[in-house]
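J.:
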Amino acid sequence: MDSSKHIQQFSRDGYLHLPGFLSRNQVDEINEQLDTFIRDQLSDMVAEHRKYEVPGEVQTLKMLQDLQVYSPFFGDLLLDSSFSTLAESLLGEPVVGKTLEYFNKPAKIGKATPPHQDGYYFMLKPMSAVTMWLALEDVDEENGWVSYVRGSHKKGMRTHAATQTVGFSQGIVDFGSPADLKDEVHVPAKPGDLLLHHALTIHRAAPNTHPERSRKALGWIYFGESAQEDVAAKKAYVKSLNQRQA
């Protein structure tokens, strides 16, 4: 992997696509571990870490949060040097692994992910953070590919407001200008491909309209060592979110 090239591209565009970051055997192992976890340990998770398109219906599972808390396998993945070292290279400083998440868009019913910036949820100063997204199966326009607005990480935080999308409570209110769409890049992916983006990069994902195929992925979040969370603001946000969902 050409680190200097990728650092330059990440700095310029705010995102990266690294095809074949993991082998098919590695992806198969992750999928097997996920299947086992969902079958045997899903009920061990606190309710707020499990999200469904249809509440309580396992076949519509769309998100698992903080997997590293419940499974040594996923804890090791979060701390794995192949991911954390890459994060350190891109952010230019040591990093802290914050969470490992599972994402799915179930066939036919997987809803679109609204355009947003992860940094709005993170509430960091400075905004030193990177999100990684690993495709666990083929991803294309039909089953919910991810799109990035190239260079948007250099233009600051956009205004967000509440959405009706489970798991993605905030979205950019004025997204869709000609400037946004001109710089938007849609990214198809194969199993083992790794997508990465800066915390200020605007991104979204299409709905899953395919009648049979799901769209499964894992997500890593790393904060730079210099990043400090605005604890008071984060608590207020979480409280407001819980009140809306009550």
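Under the numbering used here, the sequence shown has 656 at position 246, and the numbering climbs by one with no breaks.
Even glycine gets a Cβ: it sits at the ideal position worked out from N, Cα and C.
None of the values given here were measured: they were computed from a predicted structure.
1. Answer yes or no: do L606 and L428 have a C-beta to C-beta separation smaller than 9 Å?
2. Can you check the region 569 to 645 for any beta strand (DSSP E) of at least 3 residues that lies completely inside it and give the ranges in chain order?
3. Is the Cβ-Cβ distance between Q527 and A609 less than 9 Å?
4. For the beta strand (DSSP E) that V556 lies in, which residues bound it at each end?
5. Among E439, V468 and I440, whose alpha-carbon lies nearest the alpha-carbon of S453?
6. So, for E552: in the same chain, excluding its five sequence neighbours on each side, which residues have a beta-carbon less than 7 Å away from its beta-carbon?
7. Do T569 and V559 have their C-beta atoms closer together than 9 Å?
8. Quick check on the DSSP output: the alpha helix (DSSP H) that includes K415 runs from which residue to which?
9. Would you decide whether P601 is buried or exposed? Buried here means 16 or more other CB atoms lie within 10 Å of its CB.
10. Buried or exposed, going by whether 16 or more other CB atoms sit within 10 Å of the CB of T541?
11. Going by beta-carbon coordinates alone, are Y512 and L477 separated by less than 9 Å?
12. Going by CA-CA distance only, name the one from P516, E503, T523 and L544 that's closest to M537.
13. Do you know offhand how far K564's Cα is from R449's?
14. How close, in whole Å, do the beta carbons of Y632 and A539 come, if the pair is a contact with beta carbons under 8 Å?
15. If you draw a straight line from the alpha carbon of L381 to that of A642, how long is it in whole angstroms?
16. Is it the case that the Cβ atoms of V556 and M473 are separated by a distance below 9 Å?
17. Would you mind sorting G529 into buried or exposed? The rule is 16 or more other CB atoms within 10 Å of its CB.
18. So what does DSSP say about L432, is it helix, strand or coil?
19. Suppose the cutoff is 8 Å on Cβ atoms and the five residues either side in sequence are ignored; what does the same chain contact list for Q443 look like?
20. Pick helix, strand or coil for G566, following the three-state DSSP scheme.
21. Tell whether a beta-carbon distance below 9 Å holds between L546 and K461.
22. For K545, which of helix, strand or coil comes out of DSSP?
23. Do S494 and V505 have their beta-carbon atoms positioned less than 9 Å apart in this structure?
24. Quick check: the Cα distance between L432 and W630, rounded to an integer number of angstroms?
T.: Checking against the coordinates, here is how it stands:
1. Residue mapping note: residue 606 aligns to position 196 of the sequence shown, counting from 1. Residue mapping note: residue 428 aligns to position 18 of the sequence shown, counting from 1. Yes, the Cβ-Cβ distance between L606 and L428 is below 9 Å.
2. List check, beta strand (DSSP E) in window: 570 to 572, 580 to 582, 594 to 597, 604 to 608, 613 to 615 and 626 to 634.
3. Numbered from its first residue, the sequence shown carries residue 527 at position 117. Numbered from its first residue, the sequence shown carries residue 609 at position 199. For Q527 and A609, yes; Cβs fall inside 9 Å.
4. Numbered from its first residue, the sequence shown carries residue 556 at position 146. Its beta strand (DSSP E) spans residues V556 to V559.
5. To locate residue 453, count along the sequence shown from 1; it is residue 43. Comparing Cα-Cα distances from S453 to each of E439, V468 and I440, the minimum goes to V468.
6. As a working mapping, residue 552 is identified with position 142 in the sequence shown. Counting only Cβ-Cβ distances below 7 Å, and skipping sequence neighbours, we find T619 and H620.
7. By one-based count along the sequence shown, residue 569 stands at place 159. By one-based count along the sequence shown, residue 559 stands at place 149. No, they are not a contact pair.
8. Position 5 of the sequence shown, counted from the start, is the residue given in the question as residue 415. Its alpha helix (DSSP H) spans residues S413 to D423.
9. Taking the sequence shown and counting its residues from 1, the one referred to as residue 601 is at position 191. Burial call: buried.
10. Start at 1 with the first residue of the sequence shown, and residue 541 comes out as number 131. Classification for T541: buried.
11. Against the sequence shown, residue 512 aligns to sequence position 102. Against the sequence shown, residue 477 aligns to sequence position 67. Result yes, Cβ atoms of Y512 and L477 sit closer than 9 Å.
12. Counting from one through the sequence shown, the residue named residue 537 turns up at place 127. Ranking P516, E503, T523 and L544 by Cα distance to M537 puts E503 first.
13. Along the sequence shown, read from residue 1 onward, the residue named residue 564 stands at position 154. Along the sequence shown, read from residue 1 onward, the residue named residue 449 stands at position 39. Cα to Cα, K564 sits roughly 42 Å from R449.
14. Looking up residue 632 in the sequence shown gives position 222. Looking up residue 539 in the sequence shown gives position 129. Right, the Cβ-Cβ distance comes to about 7 Å (below 8 Å), so this counts as a contact.
15. Look at the range of the chain in this structure, 411 to 656, and you will see that residue 381 is not part of it.
16. On the sequence shown, residue 556 is found 146 positions in, with the first residue counted as 1. On the sequence shown, residue 473 is found 63 positions in, with the first residue counted as 1. No, the pair does not count as a contact, with Cβ atoms beyond the cut-off.
17. Counted from its first residue, the sequence shown places residue 529 at position 119. Result: buried.
18. Here the question's residue 432 lines up with position 22 in the sequence shown. Residue state, collapsed to three classes: coil.
19. As a first step, residue 443 is located in the sequence shown; it is residue number 33 there, counting from the start. For Q443, where only same-chain residues beyond five positions count, the Cβ hits under 8 Å are S481, F483 and F484.
20. As a working mapping, residue 566 is identified with position 156 in the sequence shown. Here G566 sits in coil by DSSP.
21. Translated into the one-based positions of the sequence shown, residue 546 becomes position 136. Translated into the one-based positions of the sequence shown, residue 461 becomes position 51. The answer is no: Cβ separation not under 9 Å.
22. For this step, residue 545 is matched to residue 135 along the sequence shown. According to the sequence shown, residue 545 is Ala rather than Lys. Three-state result, A545: strand.
23. Within the sequence shown, the letter at position 95 stands for residue 505. Within the sequence shown, the letter at position 84 stands for residue 494. Yes; because the gap between Cβ atoms is below 9 Å, this pair is in contact.
24. Residue 432 sits at position 22 when you count from the first residue of the sequence shown. Residue 630 sits at position 220 when you count from the first residue of the sequence shown. The alpha-carbon of L432 is positioned some 14 Å away from that of W630.
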